[in-house]
């Protein structure tokens, strides 16, 4: 049985989608569900050295399972056992796929044209603008570094190649993952190269409110850089998406960081552009 890795595999619980090139009857789906439940329970009880299963969930109707702390060795044993009992299952896709994440400079823009935005009970006037739906990805930032010869600030402090190794260690190998751990200077340099700009705090806040009220479900959160400074000269970052009810104090989603910050909380960024009236 073929194991296919999606964009994010280093995440708990591990999602597994079982696929078949032929139709599977309801009886076989029911048998698959019972097989998976029994396999997870048996291997969890056995406390094998190559298996540290903590919890699991099975939806046989969708041929989907999720399991915490499933080692690669245990996954290989599972697929071999499945292959013997369910030869009609050809492959298993593990992890989470990031659908729609662009590459290069093909940003997916969200246009916001309402001139009045309320924040902390105060109305603010903003011009029409567009903001990238997704944070700038590691793939996009890598393309920028390759094309321009740019060295991110963290590489200058830690060691050459730190950003890329840090990303792979903590968030996996997918180029679609947001680039976590960039400074304001890094984000601004990318924006200049891509002929876009960073959003203001009001613009970023307006975008997160739009997400919460429109039902958009982004795949990642994270503190995003803005060009807005606080009274001490630090940049204001906002973390989103906001919860749909917006029932938490707005400062719960705010962080003030110096422009050279790249360690925890690891900043990310979106880009913006002004729209003509």
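In the working numbering, the protein residues as written are 28 to 304.
We treat Cβ as the ideally placed atom computed from N, Cα and C, and that holds for glycine.
query	result
Suppose contacts are defined by Cβ-Cβ distances below 8 Å. Is residue 116 in contact with residue 94 by that definition?	no
Which residues in the same chain as residue 48 place their Cβ atom closer than 7 Å to its Cβ, once the five residues preceding and following it in sequence are excluded?	117
Around the Cβ of residue 162, are there at least 16 other Cβ atoms within 10 angstroms (buried) or fewer (exposed)?	buried
For residue 157 and residue 188, I'd like the C-alpha separation in whole angstroms.	32 Å
Note down, in chain order, each residue of its chain lying with its Cβ closer than 8 Å to the Cβ of residue 150, except the 5 sequence neighbours on either side.	143 and 144
Verify whether the separation of the beta carbon atoms of residue 41 and residue 109 is less than 8 Å.	no
Between the segment 177-188 and the segment 258-270, do three or more beta carbon pairs fall short of 8 Å?	no
Would you decide whether residue 249 is buried or exposed? Buried here means 16 or more other CB atoms lie within 10 Å of its CB.	buried
So, using beta-carbon positions, are residue 208 and residue 190 closer together than 8 Å?	yes
For residue 131, I'd like the list of residues in its chain whose CB is within less than 7 Å of its CB, leaving aside the five on either flank, ordered along the chain.	167 and 170
Indicate whether the contact test is met: 3 or more Cβ pairs, each with one atom in the segment 68-75 and one in the segment 123-130, closer than 8 Å.	no
Rounding to the nearest angstrom, what Cα-Cα distance links residue 302 and residue 122 in this structure?	38 Å
Should residue 39 go down as buried or exposed, given a rule of 16 or more other Cβ atoms within 10 Å for buried?	exposed
Within 10 angstroms of its Cβ, does residue 243 collect 16 or more other Cβ (buried), or is it exposed?	exposed
Based on DSSP bridge pairs, tell me the residues matched to residue 262.	256 and 284
Would the beta-carbon of residue 211 fall within 8 Å of that of residue 252?	yes
My parser needs the beta strand (DSSP E) runs of 3 or more residues fully inside the segment 193-246; what are they?	none
Count the other CB atoms within 10 Å of the CB of residue 176; is the residue buried (16 or more) or exposed (fewer)?	exposed
To which residues does DSSP link residue 118 through a beta bridge?	29 and 46
With DSSP run on the structure shown, which of helix, strand or coil describes residue 67?	helix
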